[in-house]
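Residue numbers (my numbering), protein chains in the order written: chain V, 7 to 336; chain C, 482 to 998.
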């Protein structure tokens, strides 16, 4: 197990380096966008004088590198900073108002996004595993083909299209689910799930194909192995062959794919959140990019990047743990 | 002078037709109760209860429309009434205004409202470091004097007959003196609704205040919920699935779907919102009035209304004064699309053909790029070659507008003629996007100042009509159309026969004026 711990530490260190690079890229990219926070927030009222005043207040006139390293320095001390909008608001009040840090702003949004990702995972993972196993079991049958065609066409369609199709059938015509995923703090769990079901279903459609196909492929791959043949020859039932003998050995690639898709559920929800006006991090991110509110964009991106890194790490660790050969390297 | 009776808007054909077409039921008796849920756009995570920063519908409807009050209020029919002021009086030069304030009004935290609150609330806009959009209005006040617990006297630097109208601006809200910061953080006003919860860019919930001075005349809902839905399709879906009772700004492309739904009605009003193509008249060739006239006759205004607004608008004649204004010149001879006339004016300018760039982006207004292309096609037969340059939407207002000699823009219009002219047509003001000044028309700039201080309505009408004609003939801004405010309401909610056209959603006051059917 010591080796696993070493891997974890190594990977976490690498992860931090990745985050650093990500933060540089994002900071640079947002700065390359035309316009800045002052111009974006003022819109038509962006007179030279007003733009300069706001830039002065929030420090946009500092050179690029100074701003980046100031931000990085604060981050190193655990301070995620304050959004430009907050800073501007505070100076408008005479500078006496307490600044609300980004962490407080983002926390409820982050919780909402995690909730949606969790709900989707609870639906998508069992469903795709089940379909994958069944498709492997009855490969070549009508069920296999239908499952393939359905999941492949849903992953090939853009998310907003799937979202509107679901809205059309389940919300507008069926009147079963709300098209507006309004969730709020202190909402009872049942209502919360009900309100977020449509976005969760949309995301399920998006991620199912990948997981289901990988399950199916990994299992079929193993079905040709001698030990499976042995099991079959001694008369084990096909379902049992797959679940008991093939699946455990196929777990590593499946876990990898599941982890990747879970990461996608956190980072890739921007479009879905906008379509359903779900108050998650994706919606906040769109808002922040539009306003060029760099501190908020940075934090959102770091969260996205960290989600990828951590889930990939988890996937690797789990595939080691599930594989005795890797668990006990010679 | 308590109220200024105002505007024959509803006698003009367009608005009357629109109201008739919207098929509103006969006036039913308003009654208390229920919860209004509205899906509105224009919300942002940086929103706050600071009226100085408000610029879009969500916060305007939440603050002036529900939680806060102003000194005066423009009614749905365009007349001005007192809100926190009961009446007012001016000296004959329109320079000194005395406002009597409503007595017995309290803020939501129990503090009584009085003259100190008015003065503190006005001074917020000119405070050091404040970036208020209403700063030009307030900085024109040279002296603010408390002449009684419920009376203030405001002295202006120069006479302004429209001053009480300016006090209805949605930026100028009344906050409790000495507690302004707290009021901005929590949303403490004197309005009909008290904040229950506010999540910027997401949701605002407020409940009806018990015992309000507007009881019996406004504020029929027990509770209101404004949901931020910036995405147009999501907004229309929310209405169709019954999750909200009203939405603003529908998508014209899918309007037919809304119309087909018997549970929903479409509300449409023509106001002062207008789309423009400003030319910088201090730069050749736009410094030549004949070139401008050629360009005015080279655009097919009705075609733009039909194709860009899908009919939801009114052809305009290069004046920003619209049907929601008191002195709108409805009988003025319209500018026609006439390539021969355009050619004639081009010849007057000593030209046989004209090659110019027009820099546009849909950031200016929805359909600006398509509009410029239609313009390009219609101008071609007049010998004018418009080269449509598509600009990125990001930074459009800072990099293109006021900088490129010929571009696209929009204005939501203003409640009064003077206010509109002072915003974008007075010589030297920052938003004068045509740089059109006394060199171009000394008469216009003179009339502007005279009309401002004139209290006699008949004389003002004459002057404002003349100014609209000057703009039509010589002005530096091509204004092809007024764009309607189009919103949709569920039949569960009823509204009065006349809906305000100064701003979307009944002047953003649907929480006060509408009720559950």
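Glycine included, each C-beta is placed from N, C-alpha and C at the ideal position.
Check, Outcome
"Run through chain V and tell me which residues come within less than 8 angstroms of residue 728(C), C-beta to C-beta.", "Per Cβ cutoff of 8 angstroms: no residues; residue 728(C) is ~11 angstroms from chain V at best."
"Under the rule that 16 or more other beta-carbon atoms within 10 Å means buried, what is residue 696(C), buried or exposed?", "exposed"
"Based on the DSSP secondary-structure assignment, which residues constitute the bridge partners of residue 627(C)?", "633(C)"
"In chain C, which residues lie less than 8 angstroms from residue 181(V) when you measure between Cβ atoms?", "722, 723"
"Could you check whether the Cβ of residue 110(V) sits closer than 8 angstroms to any Cβ belonging to chain C?", "no"
"Between which two residues does the beta strand (DSSP E) carrying residue 688(C) extend?", "684 to 689"
"So the candidates are 673(C), 652(C), 647(C), 714(C); which of them puts its Cα closest to the Cα of residue 174(V)?", "714(C)"
"Check each residue of the region 207 to 241 of chain V: if its Cβ is closer than 7 angstroms to any Cβ of chain C, include it; give the result in chain order.", "none"
"How close, in whole Å, do the beta carbons of residue 958(C) and residue 915(C) come, if the pair is a contact with beta carbons under 8 angstroms?", "5 angstroms"
"Grab the span of the alpha helix (DSSP H) containing residue 617(C) for me, first residue to last.", "616 to 620"
"Under DSSP, the beta strand (DSSP E) around residue 569(C) begins and ends at which residues?", "566 to 571"
"Opposite residue 582(C) in the DSSP bridges: which residues?", "566(C)"
"Can you check whether the CB of residue 745(C) is closer than 8 angstroms to the CB of residue 969(C)?", "yes"
"If I measure Cβ to Cβ from residue 621(C) and keep anything under 6 angstroms in the same chain, skipping five residues before and after, which residues do I get?", "637, 638"
"Starting from the beta carbon of residue 282(V), find every residue of chain C whose beta carbon is closer than 8 angstroms, and list them in chain order.", "715"
"Please list, in chain order, the residues of the region 28 to 43 of chain V that have any C-beta partner in chain C closer than 7 angstroms.", "39, 40, 41"
"Rank 755(C), 724(C), 720(C), 762(C) by C-alpha distance to the C-alpha of residue 742(C) and give the top, closest one.", "720(C)"
"Alpha carbon to alpha carbon, how far is residue 813(C) from residue 208(V)?", "55 angstroms"
"Pick out whichever of 883(C), 816(C), 790(C), 694(C) has its Cα sitting closest to the Cα of residue 799(C).", "816(C)"
"What residues of chain C sit near residue 62(V), judged by a beta carbon separation below 7 angstroms?", "Ordered by position in chain C, no residue passes the 7 angstroms Cβ test against residue 62(V), which lies about 10 angstroms from the chain."
"What in chain C is Cβ-close to residue 184(V), meaning under 7 angstroms?", "722, 724"
"If you check the beta carbons only, do residue 273(V) and residue 314(V) fall under 8 angstroms apart?", "yes"
"Report the three-state DSSP secondary structure of residue 589(C) (helix, strand or coil).", "coil"
"What does the alpha-carbon distance come out to for the pair residue 89(V) and residue 73(V)?", "14 angstroms"
"DSSP three-state label for residue 215(V), please.", "helix"
"If we cut at 8 angstroms on Cβ distances, does residue 164(V) have a partner in chain C?", "no"
"Let me know the secondary structure DSSP gives residue 970(C) once reduced to three states.", "strand"
"Give a yes or no on whether the minimum CB-CB distance between residue 972(C) and chain V is below 8 angstroms.", "no"
"Taking the alpha-carbon of residue 120(V) as reference, which of 275(V), 237(V), 31(V) has the nearest alpha-carbon?", "275(V)"
"Shortest alpha-carbon distance to residue 890(C) belongs to which of 632(C), 760(C), 709(C)?", "760(C)"
"Report the residue ranges of all beta strand (DSSP E) runs contained in full by the region 756 to 811 of chain C; include only those spanning at least 3 residues, in chain order.", "794 to 796"
"Chain V beta carbons: is any one of them nearer than 8 angstroms to that of residue 484(C)?", "In this prediction, residue 484(C) has a pLDDT of 39, which is less than 50 and means its spatial position is unreliable; nothing more can be read from the coordinates."
"At a Cβ cut of 9 angstroms, what residues of the region 876 to 896 of chain C count as close to chain V, listed as they run along the chain?", "876, 877, 878, 879, 880, 882, 883, 890, 891, 892"
"In its own chain, which residues sit with a C-beta less than 6 angstroms from the C-beta of residue 664(C), not counting the 5 before and 5 after it?", "656, 657"
"Would the region 822 to 841 of chain C count as touching the region 872 to 886 of chain C if we require 3 or more Cβ pairs under 8 angstroms?", "yes"
"In three-state DSSP terms, what is residue 607(C)?", "helix"
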